[in-house]
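Trainee:
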Amino acid sequence: DVKVTQSSRYLVKRTGEKVFLECVQDMDHENMFWYRQDPGLGLRLIYFSYDVKMKEKGDIPEGYSVSREKKERFSLILESASTNQTSMYLCASSPPGSSTYEQYFGPGTRLTVT
Amino acid sequence: KQEVTQIPAALSVPEGENLVLNCSFTDSAIYNLQWFRQDPGKGLTSLLLIQSSQREQTSGRLNASLDKSSGRSTLYIAASQPGDSATYLCAVPNSGNTPLVFGKGTRLSVIA
Numbered sequence: 549d550v551k552v553t554q555s556s557r558y559l560v561k562r563t564g565e566k567v568f569l570e571c572v573q574d575m576d577h578e579n580m581f582w583y584r585q586d587p588g589l590g591l592r593l594i595y596f597s598y599d600v601k602m603k604e605k606g607d608i609p610e611g612y613s614v615s616r617e618k619k620e621r622f623s624l625i626l627e628s629a630s631t632n633q634t635s636m637y638l639c640a641s642s643p644p645g646s647s648t649y650e651q652y653f654g655p656g657t658r659l660t661v662t
Numbered sequence: 005k006q007e008v009t010q011i012p013a014a015l016s017v018p019e020g021e022n023l024v025l026n027c028s029f030t031d032s033a034i035y036n037l038q039w040f041r042q043d044p045g046k047g048l049t050s051l052l053l054i055q056s057s058q059r060e061q062t063s064g065r066l067n068a069s070l071d072k073s074s075g076r077s078t079l080y081i082a083a084s085q086p087g088d089s090a091t092y093l094c095a096v097p098n099s100g101n102t103p104l105v106f107g108k109g110t111r112l113s114v115i116a
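Those protein sequences? They're chains A and B, same order as listed.
Going by our numbering, the first residue of the first sequence is number 549, and it counts up by one from there.
Going by our numbering, the first residue of the second sequence is number 5, and it counts up by one from there.
In structure tokens:
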């Protein structure tokens, strides 16, 4: 079974803090993704990566950065957390190729910025 | 840009009923379509993946169909149970091998 893990289920941070959200997958997947999920807005893509050291902006990258130094790990960084970044953050991974594009999700991190 | 719509946004049914959840997408040039389930406060669990060459996929009491030409997919749940209560989301790649675009989901409540 594919397993995607996220470093924290719940996180509370103060405005202005630098926040790291970690995601690890154990299936040697090339593709990894970070989404945020908010009521009424659904899932929105923040950043994604198709390979080590590679990153692409999604629909809402502002205020975020990412790091992918190893294939299995994809980190989301909030450089200076703000209250509007309070949200559920979901990480996902998938094998390469469009024909078998099944995404596997982690359990999510509920981040509250006060 | 691909847009995905799910109707209804919420649905409440008595236990035992068969039900259909709808998903529509604007760009029919998709490689596949995926249905997910999300329990409150949790991540997404993949239920079914339908390739563009397929018309339907089945898993237990779940059956998903795909009509690319009309830009629609349905998820059929037979003999619903309280444990089926969750939010169901559908998603398609934006184009080719690109990240998924998600609908906002249908929140299902099955009442015992």
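We put the CB at the ideal spot given by N, CA and C, even for glycine.
Fair warning: this is a prediction, and the values are worked out from it, not measured in the lab.
Within the stretch 576-635 of chain A, note down every full alpha helix (DSSP H) run reaching 4 residues or more, in order along the chain.
Mentor: None, since the stretch 576-635 of chain A contains no complete alpha helix (DSSP H) of that length.
Trainee: How far does the beta strand (DSSP E) with B:R41 in it reach, from first residue to last?
Mentor: Its beta strand (DSSP E) spans residues N36 to Q42.
Trainee: Is B:D88 helix, strand or coil by DSSP?
Mentor: Residue state, collapsed to three classes: helix.
Trainee: Could you have a look at B:L60 and say whether DSSP puts it in helix, strand or coil?
Mentor: The question names Leu, yet the displayed sequence has Glu at residue 60 of chain B. Residue state, collapsed to three classes: strand.
Trainee: Nearest by alpha-carbon distance to B:G109: which of B:L48, B:A82, B:P18 and B:N36 is it?
Mentor: Taking only the C-alpha atoms, the option nearest B:G109 is B:L48.
Trainee: Report the three-state DSSP secondary structure of B:A83 (helix, strand or coil).
Mentor: Residue state, collapsed to three classes: coil.
Trainee: I want to see whether chain B comes within less than 7 Å of A:T563, judged by CB atoms only; does it?
Mentor: No, its Cβ sits nowhere closer than 7 Å to a Cβ of chain B.
Trainee: Whole angstroms is fine: what's the gap from B:R65's alpha carbon to A:R557's?
Mentor: When rounded, the distance between both Cα atoms is 31 Å.
Trainee: Using a cut-off of 9 Å between C-beta atoms, extract the partners of A:E650 located in chain B.
Mentor: Here the neighbours are N36, Q38, S50 and L53.
Trainee: Buried or exposed, going by whether 16 or more other CB atoms sit within 10 Å of the CB of A:V567?
Mentor: Result: buried.
Trainee: Mind listing the chain B neighbours of A:L638? Cutoff is C-beta to C-beta under 8 Å, in chain order.
Mentor: Ordered by position in chain B, the residues that pass the 8 Å Cβ test against A:L638 are G47 and L48.
Trainee: Contact between the stretch 633-641 of chain A and the stretch 574-583 of chain A: three or more CB pairs below 8 Å?
Mentor: The stretch 633-641 of chain A, when compared against the stretch 574-583 of chain A, does touch it at the 8 Å Cβ threshold.
Trainee: Which residues of the stretch 621-633 of chain A have a Cβ closer than 9 Å to any Cβ of chain B? Give them in chain order.
Mentor: Cβ contacts with chain B come from no residue of the stretch 621-633 of chain A.
Trainee: With 7 Å as the threshold, decide whether the Cβ of A:G656 is near any Cβ in chain B.
Mentor: It does: the Cβ of A:G656 has a partner Cβ on chain B nearer than 7 Å.
Trainee: Please name the residue in A:S613, A:V661, A:G606 and A:E620 whose C-alpha comes closest to that of A:D599.
Mentor: Among A:S613, A:V661, A:G606 and A:E620, the Cα nearest to that of A:D599 belongs to A:E620.
Trainee: Taking 7 Å as the threshold (beta carbon to beta carbon), is A:G590 in contact with chain B?
Mentor: So, interface residue.
Trainee: Alpha carbon to alpha carbon, what distance is there between A:E627 and B:W39?
Mentor: Each residue's alpha carbon lies about 33 Å from the other.
Trainee: Measuring only the C-alpha atoms, how far is A:Y612 from A:I625?
Mentor: If I take the Cα positions, the gap works out to 6 Å.
Trainee: From A:G564, A:L593 and A:K561, pick the residue whose C-alpha is nearest to that of B:N98; which is it?
Mentor: Comparing Cα positions, the closest option is A:L593.
Trainee: Looking at the structure shown, is B:A33 part of a helix, part of a strand, or coil, going by DSSP?
Mentor: Coil at B:A33, not helix or strand.
Trainee: Any heavy atom of the ligand SAH within a distance shorter than 6 Å of the CB on B:P97?
Mentor: No copy of the ligand SAH appears in this structure; indeed no ligand is present at all.
Trainee: Anything in chain A within Cβ reach of B:K108, meaning under 9 Å, just list it in chain order.
Mentor: Going along chain A in sequence order, the residues near B:K108 (Cβ under 9 Å) are G588, L589, G590 and L591.
Trainee: Chain A partners of B:L104, CB-CB under 7 Å?
Mentor: What B:L104 touches in chain A: Q651.
Trainee: Consult DSSP for A:K561 and reduce its assignment to one of helix, strand or coil.
Mentor: Note: A:K561 maps to strand in three-state DSSP.
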